[in-house]
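In the numbering used here, the protein residues as written are 12 to 386.
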């Protein structure tokens with residue numbers, strides 16, 4: 012019970028601290044929640060139930076996926092300018108190619124190389140929820156998943172620092188400057204502000220949560236009906252499809268708060284995953300997998316920027332599309348502010364949600380192709 016309360020309460024404390032302490036605001040609630048879980052896992056005399064932590068991890072991912080997708084506006088995917096669509100497409104291709112190429116080089120270093128590749132496609136197309144969904148679907152080892160999560164936080168933090176400081180000036184030396192076009196509208200979108208955490212939005216959050224639970228139960232039931240057992244891959248792919256389907260219902264899309272609630276559930280997931288990180292268990296595999304993550308991330312970024320240069324996509328569009336796929340919607344606002352280009356906030360958020368919708372499918376598809384190719 013104490014472990015469950017820790018996982019549920021820590022995200023609220025982390026969000027509160029990030030609003031009031033400058034250092035914590037820089038680190039962000041994701042890092043704080045991972046850190047809290049890791050500290051709990053390695054405190055002398057404190058026993059963490061790893062089975063319970065994995066159950067919280069799996070449950071959080073299942074609930075978060077629909078909550079995050081309810082805000083998706085499929086119509087807006089096709090309303091993006093062709094350069095924005097192309098930049099997003101190139102970012103997805105770059106993630107798949109980089110993960111596949113690096114995985115092939117690492118195939119003798121770990122027996123889960125094809126699973127790791129799929130998980131990294133998931134996270135660098137959609138985000139943390141997609142990485143976890145792919146890992147659960149492929150039955151990846153717990154220690155592999157923990158190390159990948161930690162390495163992604165470190166590598167992602169380093170690239171985010173570049174995006175917020177020198178990226179526009181540096182890559183602007185080779186990519187053309189941004190030109191404002193008619194479809195670049197500044198829009199408000201879930202995830203940009205904490206204003207939904209008010210009493211009047213509780214009914215919408217409860218409704219969204221209940222709908223997410225119903226979708227999870229339906230997905231489990233469908234798996235049992237089709238295969239006579241709980242097939243995680245079927246459950247997660249069905250959940251993704253149902254989440255997108257829910258977004259097509261106007262009453263669901265207009266709900267205020269499910270996206271932020273989904274982000275909160277992901278923070279619960281971060282605490283649970285961190286609590287699995289017993290340093291003594293993962294130390295032997297961390298270096299290889301850390302190198303795997305860094306190589307895929309940097310490969311995806313470099314390939315994406317090269318393709319943007321080849322297709323004459325401007326520097327701001329290239330960097331926003333990179334942010335949307337690698338970090339998801341939550342970081343679009345800060346990066347757009349650093350670029351001094353609020354016109355790309357709306358399109359960036361749309362691309363980020365599109366990445367969440369596609370990440371699990373692309374990740375699982377990539378892993379299965381690599382598995383078949385590698386014999």
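Where is the CB? At the ideal position from N, CA and C, for every residue including glycine.
Within the model, the alpha-carbon separation for residue 301 versus residue 116 is close to 14 Å.
Taking 8 Å as the cut-off, the Cβ atoms of residue 60 and residue 189 do not count as close. The beta carbon of residue 363 lies closer than 7 Å to those of 335, 339, 340 and 343 in the same chain, with the five residues before and after it left out. When only Cα atoms are considered, residue 384 and residue 318 end up about 26 Å apart. Straight-line measurement puts the Cα of residue 232 at about 9 Å from the Cα of residue 239. Around the beta carbon of residue 50, a 10 Å sphere encloses fewer than 16 other beta carbons of the protein chains shown; the residue is thus reported as exposed. Residue state for residue 12 is assigned as coil, using DSSP reduced to three classes.
In the DSSP assignment, residue 379 falls within the alpha helix (DSSP H) that extends over 356 to 385. Annotation for residue 34: the continuous alpha helix (DSSP H) segment containing it runs 33 to 53. Nearest in C-alpha terms to residue 102, of all of 308, 285 and 348, is 308. Contact between the segment 69 to 76 and the segment 139 to 149 is present: three or more C-beta pairs spanning the two stretches fall below 8 Å.
Distances from the alpha-carbon of residue 95 to those of 371, 322 and 337 put 322 closest. With a cutoff of 8 Å on beta-carbon distance, residue 126 and residue 153 are scored as not near each other. Exposed is the label assigned to residue 56, since fewer than 16 other Cβ atoms lie within 10 Å of its Cβ.
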